[in-house]
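To start, the structure under review is shown below, and the notes come after it.
Protein chains: 2
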Amino acid sequence: MPHTYQYPRAALTVDCVVFGFDGGGLQVLLIRRALPPFKNKWALPGGFVRIDETLAAAARRELAEETGLRDVFLEQLYTFGDVKRDPRERVVSVAYYALVKPADHTTAAATDAAEAKWFPVSAIPQLAFDHAAILDTALTRLRGKLTYQPIGFELLPPKFTLTQLQRLYEAVLGTDIDKRNFRKKVLSFDLLIPLKEKHRDGAHRPAQLYRFDPVKYERLKKRGFLFEI
Amino acid sequence: MPHTYQYPRAALTVDCVVFGFDGGGLQVLLIRRALPPFKNKWALPGGFVRIDETLAAAARRELAEETGLRDVFLEQLYTFGDVKRDPRERVVSVAYYALVKPADHTTAAATDAAEAKWFPVSAIPQLAFDHAAILDTALTRLRGKLTYQPIGFELLPPKFTLTQLQRLYEAVLGTDIDKRNFRKKVLSFDLLIPLKEKHRDGAHRPAQLYRFDPVKYERLKKRGFLFEI
DNA sequence: TGACTTCGTGTGAATGTTACACTTTCATCA
DNA sequence: TGATGAAAGTGTAACATTCACACGAAGTCA
Chain U
1 MPHTYQYPRA ALTVDCVVFG FDGGGLQVLL IRRALPPFKN KWALPGGFVR
51 IDETLAAAAR RELAEETGLR DVFLEQLYTF GDVKRDPRER VVSVAYYALV
101 KPADHTTAAA TDAAEAKWFP VSAIPQLAFD HAAILDTALT RLRGKLTYQP
151 IGFELLPPKF TLTQLQRLYE AVLGTDIDKR NFRKKVLSFD LLIPLKEKHR
201 DGAHRPAQLY RFDPVKYERL KKRGFLFEI
Chain F
230 MPHTYQYPRA ALTVDCVVFG FDGGGLQVLL IRRALPPFKN KWALPGGFVR
280 IDETLAAAAR RELAEETGLR DVFLEQLYTF GDVKRDPRER VVSVAYYALV
330 KPADHTTAAA TDAAEAKWFP VSAIPQLAFD HAAILDTALT RLRGKLTYQP
380 IGFELLPPKF TLTQLQRLYE AVLGTDIDKR NFRKKVLSFD LLIPLKEKHR
430 DGAHRPAQLY RFDPVKYERL KKRGFLFEI
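Residue numbers (this note's numbering), protein chains in the order written: chain U, 1 to 229; chain F, 230 to 458.
Below is the structure:
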């Protein structure tokens with residue numbers, strides 16, 4: 001069923017940079033391409049936008065198809081439109097970045113992807129197309145955003161300790177943070193609700209578990225806050 | 230000369246939100262559409278992306294064609310891809326925003342545009358397509374960016390007074406700023422070079438003119454700074 | 001019960017932000 | 001030519017925020 005237009009048209013794709021946090025470092029979800037071009041190379045999950053779906057819908061669909069991830073935090077990142085970024089023909093790609101909690105890591109490769117796998121951001125393999133540049137842009141954005149919006153919580157499980165939260169900030173920002181100052185600052189937002197439970201993990205004092213207050217969380221996310229370390 | 234594809238493809242356009250500053254308030258450059266749809270309605274300058282030009286190149290070309298503006302500060306804003314945002318067919322638009330100095334206001338309408346005209350952001354007419362939403366996104370972005378990158382200077386002529394700079398910040402941010410605190414902060418960046426000239430304008434003390442140091446300016450623009458008011 | 005490991009807590013110095021009012025310099029006009 | 005008007009230009013004290021820094025508490029395990 002061919003489609004004809006007066007002028008040539010670029011193909012339109014979406015690509016997703018999926019960040020995860022495993023307690024130690026920041027991770028990115030990559031797929032191994034099952035089809036040419038760049039067959040068997042690692043790449044960002046993504047694919048073509050259908051004529052009747054929005055860009056965000058396409059990103060969510062591709063993410064589900066290729067990695068099994070659903071209901072993630074997803075935000076538009078940037079649109080990459082270099083003329084030769086795809087060897088086949090002109091392809092413009094709208095990039096998104098996603099943040100997923102470890103609990104949602106029910107990843108399974110599917111169509112177009114031979115395999116899906118997490119990589120630490122410190123050890124990314126060679127990537128297909130201009131995906132290295134896209135990943136770079138996403139990392140910069142994540143770092144910037146983390147300091148003025150509380151999106152970091154999207155990367156943590158529903159119940160977490162302050163140390164886990166601090167490790168996340170340290171991993172993303174790539175700096176060490178003073179424990180006392182970090183706690184003071186985070187708690188001053190009045191965003192965290194201490195739970196009755198404690199987190200037992202080894203032969204030491206158990207840590208207080210927290211969840212965040214969804215109402216205040218949404219408010220802060222819109223208004224923006226300032227997390228200077 | 231028709232072009233045929235296996236699957237239907239969205240058309241790809243760019244739209245530009247052009248901000249200017251006239252000493253009083255923030256202005257936006259709009260064109261009156263010469264062709265349907267929305268014929269004779271006001272709209273953002275923009276148009277279709279050619280198959281062999283980058284997105285930014287398309288934005289610059291359309292800007293020159295429709296408004297006569299060249300060599301402006303241009304940055305990608307967001308990509309708008311709602312399925313029904315264009316009544317004709319599926320059109321995805323990559324939006325850019327531009328900042329222009331008053332001196333560059335050599336605007337002249339041309340192809341596709343019957344007329345180009347500056348409007349104060351406080352009095353925008355009804356706009357074609359989803360251009361009101363695009364403009365809104367651009368304003369939010371400009372406000373945010375102004376507080377952590379020194380892009381405000383792109384809106385001023387090469388020589389300017391501190392009062393002009395303050396008026397700009399006040400106009401964009403929509404707040405009043407204390408004169409002494411503003412000067413203290415701006416000068417502390419060590420970014421402004423006082424000129425030998427003064428700016429004479431009416432029956433009162435003339436104002437010191439400044440230009441900004443291009444080297445430090447570029448450095449700050451990349452690193453980011455924090456302009457909290 | 002002693003050794004080990006992580007959790008959890010406070011203070012003082014330094015820095016940055018805010019609020020606030022008067023003198024200076026020029027042009028104009030009486 | 002001196003009085004007037006209008007914007008330019010300048011400092012300080014109260015307050016808030018950030019930063020550097022060290023030790024007892026609570027648990028497990030041998």
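Even glycine gets a Cβ: it sits at the ideal position worked out from N, Cα and C.
Within 7 Å: the Cβ of L258(F) and any heavy atom of the ligand NAD? Questions concerning the ligand NAD fall outside what the structure shown contains, since it holds no ligand whatsoever.
Take L12(U) as the anchor and find which of R238(F), V243(F) and T242(F) has the nearest alpha-carbon. The residue labelled residue 12(U) in the question sits at position 12 within the first sequence. It is R238(F) whose Cα lies nearest to the Cα of L12(U).
State yes or no: is the C-beta of S322(F) within less than 8 Å of the C-beta of G254(F)? Translated into the one-based positions of the second sequence, residue 322(F) becomes position 93. Translated into the one-based positions of the second sequence, residue 254(F) becomes position 25. Annotated as distal: S322(F) and G254(F), with beta-carbon spacing of 8 Å or more.
Apart from the five residues on each side of it in sequence, which residues of its chain come closer than 7 Å, Cβ to Cβ, to R167(U)? For this step, residue 167(U) is matched to residue 167 along the first sequence. G23, listed in sequence order.
Considering only the alpha carbon of each residue, which of A287(F), F411(F) and P387(F) lies closest to I422(F)? On the second sequence, position 193 is the one that residue 422(F) refers to. Comparing Cα positions, the closest option is P387(F).
Can you give the Cα-Cα distance for S369(F) and G174(U), rounded to whole angstroms? Counting from 1 along the second sequence, the entry for residue 369(F) is found at position 140. Counting from 1 along the first sequence, the entry for residue 174(U) is found at position 174. The sequence shown places Thr at residue 369(F), not Ser. Roughly 29 Å separates the two Cα atoms.
Run of the alpha helix (DSSP H) containing T392(F), from where it starts to where it stops: Locating residue 392(F) in the second sequence gives position 163, where the first residue counts as 1. L391 to L402 is the extent of the alpha helix (DSSP H) around T392(F).
Contacting residues, own chain, Cβ-Cβ under 7 Å from V310(F) (five flanking each side not counted): Walking along the second sequence from the start, residue 310(F) turns up at place 81. Reading off the sequence shown, one finds Gly at residue 310(F), where the question assumed Val. Result list for G310(F): V321, in chain order.
To the nearest angstrom, how far is it from the Cα of K222(U) to the Cα of G249(F)? Walking along the first sequence from the start, residue 222(U) turns up at place 222. Walking along the second sequence from the start, residue 249(F) turns up at place 20. So the two alpha carbons sit approximately 27 Å from each other.
What whole-angstrom Cβ distance do Y96(U) and V14(U) have, given they're in contact under 8 Å? Counted from its first residue, the first sequence places residue 96(U) at position 96. Counted from its first residue, the first sequence places residue 14(U) at position 14. About 6 Å separates the two Cβ atoms, so the contact holds.
Could you say if the segment 353–372 of chain F and the segment 283–290 of chain F meet the contact criterion of at least three C-beta pairs nearer than 8 Å? No, because fewer than three Cβ pairs between the segment 353–372 of chain F and the segment 283–290 of chain F fall closer than 8 Å, the two stretches do not touch.
Kindly say whether L356(F), judged by its beta-carbon, lies nearer than 8 Å to any beta-carbon of chain U. On the second sequence, position 127 is the one that residue 356(F) refers to. Closer than 8 Å: no.
For chain U, find out if any of its Cβ atoms is closer than 8 Å to the Cβ of L449(F); answer yes or no. For the purposes of this step, residue 449(F) is identified with residue 220 of the second sequence, where counting begins at 1. Interface criterion not met: the Cβ of L449(F) is under 8 Å from no Cβ in chain U.
At 7 Å on the CB atoms, spell out the chain F contacts of T54(U), in chain order. Within the first sequence, the letter at position 54 stands for residue 54(U). Residues of chain F passing the Cβ test: G310, D311 and V312.
Minimum C-alpha distance to L146(U) - residue among N40(U), L99(U) and C16(U): Locating residue 146(U) in the first sequence gives position 146, counting from the first residue. With distances taken between Cα atoms, L146(U) lies closest to L99(U).
Tell me, please, whether the CB atom of A10(U) is closer than 8 Å to any CB atom in chain F? The residue labelled residue 10(U) in the question sits at position 10 within the first sequence. Residue-level contact by beta carbon holds for A10(U) and chain F, with a gap shorter than 8 Å.
Quick one, are the C-beta atoms of L191(U) and F160(U) less than 8 Å apart? As a position in the first sequence, residue 191(U) is number 191, starting the count at 1. As a position in the first sequence, residue 160(U) is number 160, starting the count at 1. The answer is no: Cβ separation not under 8 Å.
Can you say whether F382(F) is buried or exposed, counting buried as having 16 or more other CB atoms within 10 angstroms of its CB? Reading the second sequence from its first residue, position 153 is the one you call residue 382(F). It is buried - the Cβ of F382(F) has at least 16 other Cβ atoms within 10 Å.
Could you give the DSSP three-state label for A432(F): helix, strand or coil? Stepping through the second sequence from its first residue, residue 432(F) is reached at position 203. Correct three-state label for A432(F): coil.
Below 8 Å on the Cβ atoms is my contact criterion, and I expect P274(F) with V247(F) to pass it. Report the Cβ-Cβ distance as a whole number of Å. Mapped onto the second sequence, residue 274(F) falls at position 45. Mapped onto the second sequence, residue 247(F) falls at position 18. That pair is a contact at about 7 Å.
Between the beta-carbon of Y307(F) and the beta-carbon of Q76(U), is there less than 8 Å? Translated into the one-based positions of the second sequence, residue 307(F) becomes position 78. Translated into the one-based positions of the first sequence, residue 76(U) becomes position 76. With respect to Q76(U), Y307(F) sits close: the two C-beta atoms are nearer than 8 Å.
Over the uninterrupted alpha helix (DSSP H) stretch that includes T302(U), give me the two end residues. An answer regarding residue 302(U) cannot be provided, because it is not within the stretch 1 to 229 covered by chain U.
How many Å lie between R193(F) and E344(F) at the Cα? What the structure shows of chain F is the stretch from 230 to 458, and residue 193(F) is not part of that stretch, so it cannot be assessed.
Just curious, the alpha helix (DSSP H) that E447(F) is in, first and last residue? Here the question's residue 447(F) lines up with position 218 in the second sequence. That run of the alpha helix (DSSP H) goes P443 to R452.
Compile a chain-ordered list of the residues in the segment 128–153 of chain U whose CB is closer than 7 Å to at least one CB of chain F. Residues of the segment 128–153 of chain U whose Cβ lies closer than 7 Å to any Cβ of chain F: none.
Residues, ordered as in the chain, of the segment 313–324 of chain F that lie near chain U by beta-carbon distance below 8 Å: Residues passing the 8 Å Cβ filter: R319, V321 and V323.
Could you compute how far the alpha carbon of D71(U) sits from the alpha carbon of R61(U)? Here residue 71(U) corresponds to residue number 71 of the first sequence, with the count starting at 1. Here residue 61(U) corresponds to residue number 61 of the first sequence, with the count starting at 1. So the two alpha carbons sit approximately 10 Å from each other.
Counting along the chain, where does the alpha helix (DSSP H) carrying R412(F) start and finish? In the second sequence, residue 412(F) corresponds to position 183, counting from 1. DSSP places R412(F) in the uninterrupted alpha helix (DSSP H) bounded by K408 to S417.
Of the listed residues K413(F), F302(F) and W271(F), nearest to E295(F) (C-alpha basis): Within the second sequence, numbered from 1, the residue matching residue 295(F) stands at position 66. Among K413(F), F302(F) and W271(F), the Cα nearest to that of E295(F) is on W271(F).
Might you give, ordered along the chain, the residues of its own chain that have their beta carbon closer than 6 Å to the beta carbon of L391(F), omitting 5 neighbours on each side? Counting from one through the second sequence, the residue named residue 391(F) turns up at place 162. Taken in chain order, the residues that qualify are R412.
Amino acids of chain F, ordered along the chain, whose beta-carbon sits closer than 8 Å to that of Y97(U): Position 97 of the first sequence, counted from the first residue, corresponds to residue 97(U). Going along chain F, no residue has its Cβ under 8 Å from Y97(U), so there is no contact; the nearest lies around 14 Å.
Within the 8 Å Cβ cut-off, does Y217(U) reach chain F? Within the first sequence, residue 217(U) is the residue found at index 217, counting from 1. So, not an interface residue.
Under 8 Å Cβ-Cβ, which residues of chain U neighbour F398(F)? Locating residue 398(F) in the second sequence gives position 169, where the first residue counts as 1. According to the sequence shown, residue 398(F) is Tyr rather than Phe. The contacting residues do not exist; Y398(F) stays about 18 Å from chain U at best.
Quick check: the Cα distance between K330(F) and D407(F), rounded to an integer number of angstroms? Numbered from 1 along the second sequence, position 101 holds the residue referred to as residue 330(F). Numbered from 1 along the second sequence, position 178 holds the residue referred to as residue 407(F). When the Cα atoms are used, K330(F) and D407(F) turn out to be separated by approximately 25 Å.
How should G47(U) be labelled, buried or exposed, when 16 other C-beta atoms within 10 angstroms of its C-beta is the threshold for buried? By 1-based counting over the first sequence, the position of residue 47(U) is 47. Residue environment: G47(U) is assigned as buried (16 or more neighbouring CB atoms within 10 Å of its CB, all protein chains considered).
Under 9 Å Cβ-Cβ, which residues of chain U neighbour T233(F)? Residue mapping note: residue 233(F) aligns to position 4 of the second sequence, counting from 1. What T233(F) touches in chain U: P2, H3, T4 and Y5.
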